[in-house]
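These notes are about the structure you will find just below.
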Amino acid sequence: VTIDWLHEHACSRSYGLGTKVPWDEQYLIESLSDSTIYMAYYTVAHLLQAPDSFDGKKIGSANIHPSQMTIDVWNYIFFTDVLYSSLNTDISQSTLDRLRNEFQYWYPVDLRSSGKDLVPNHLTYSLYNHVALWPKKEDNRWPKAFRANGHLRLNDEKVHN
109 VTIDWLHEHA CSRSYGLGTK VPWDEQYLIE SLSDSTIYMA YYTVAHLLQA PDSFDGKKIG
169 SANIHPSQMT IDVWNYIFFT DVLYSSLNTD ISQSTLDRLR NEFQYWYPVD LRSSGKDLVP
229 NHLTYSLYNH VALWPKKEDN RWPKAFRANG HLRLNDEKVH N
């Protein structure tokens, strides 16, 4: 069964690439957790990063520096029950409302498509992480659909890149 092994899977690791755990930077967020929610960032990336800045070093049209993007600011963008008055930020409410509106408009994804071999891990984590962040179905932030793709075959052999 797809979920039987998840209770044994670590949520962090100490090697490789990835996002550092905020409270203990010797650890990285486990890649399955980290890579299943990044689409939420895409909804506001064009405002936070300049169009010609794939590495994120040039700030975007919202004129927000990365250091200003605190957990409270992200919570305001992603969760409608967070009030601007509760934030400790110098980013204007109109700017943050612009980011929040972009997120509200573009999220959730209509379709999450992936290889069939990723159903038991990546797609399952995606569902779990969305339910954990937005537990109420009425929040309407869960992916609307998942699609598992098969593998291409040519002359009865699996096609590789």
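Each position in the sequence shown, counted from 1, maps to that position plus 108 in the working numbering.
Backbone N, C-alpha and C define an ideal beta-carbon position, used for all residues, glycine too.
Proximity below 9 Å, CB of residue i to CB of residue j
i: Pro-251; j: Arg-208; result: no
i: Leu-156; j: Pro-174; result: yes
i: Ile-185; j: Val-152; result: yes
For residue j and residue i, the rounded distance between their alpha carbons
i: Trp-242; j: Trp-131; result: 22 Å
i: Gln-212; j: Phe-254; result: 20 Å
i: Ser-141; j: Trp-182; result: 17 Å
i: Ala-240; j: Leu-260; result: 34 Å
i: Ser-222; j: Met-147; result: 14 Å
i: Ser-202; j: Glu-210; result: 12 Å
i: Asp-198; j: Met-177; result: 11 Å
i: Ser-122; j: Asn-263; result: 43 Å
i: His-154; j: Gly-168; result: 7 Å
i: His-230; j: Ala-158; result: 30 Å
i: Asn-257; j: Lys-224; result: 5 Å
i: Ser-200; j: Thr-144; result: 30 Å
i: Asp-112; j: Pro-228; result: 10 Å
i: Glu-265; j: Leu-136; result: 37 Å
i: Lys-166; j: Leu-226; result: 34 Å
i: Ile-172; j: Ser-161; result: 14 Å
i: Leu-191; j: Arg-206; result: 14 Å
i: Arg-249; j: Lys-128; result: 25 Å
Bounding residues of the alpha helix (DSSP H) (the contiguous stretch that carries residue i)
i: Phe-186; result: 179-186
i: Ser-234; result: 232-241
i: Ala-99; result: What the structure shows of the chain is the stretch from 109 to 269, and residue 99 is not part of that stretch, so it cannot be assessed.
Residue nearest to residue i in terms of C-alpha spacing, selected from the options
i: Leu-204; options: Asn-229, Asp-218, Leu-226 and Ala-170; result: Ala-170
i: Tyr-149; options: Leu-125, Ser-200, Gly-164 and Asp-160; result: Gly-164
i: Asp-247; options: Leu-226, Ile-145 and Tyr-215; result: Tyr-215
i: Gly-187; options: Lys-244, Val-227, Leu-136 and Thr-144; result: Note on residue identity: the sequence assigns Phe, not Gly, to residue 187. With distances taken between Cα atoms, Phe-187 lies closest to Lys-244.
i: Val-217; options: Val-227, Pro-228 and His-238; result: His-238
i: Ser-120; options: Ile-111, Asp-112, Trp-113 and Gln-134; result: Gln-134
N- and C-terminal bounds of the beta strand (DSSP E) containing residue i
i: Arg-208; result: Per DSSP, Arg-208 belongs to no beta strand (DSSP E); it is in the alpha helix (DSSP H), 201-214.
i: Ser-221; result: 220-223
i: Asn-257; result: 254-257
Should the stretch 133-153 be regarded as contacting the stretch 224-235, the criterion being three or more beta carbon pairs within less than 8 Å? Counting Cβ pairs under 8 Å, three or more are found: they touch.
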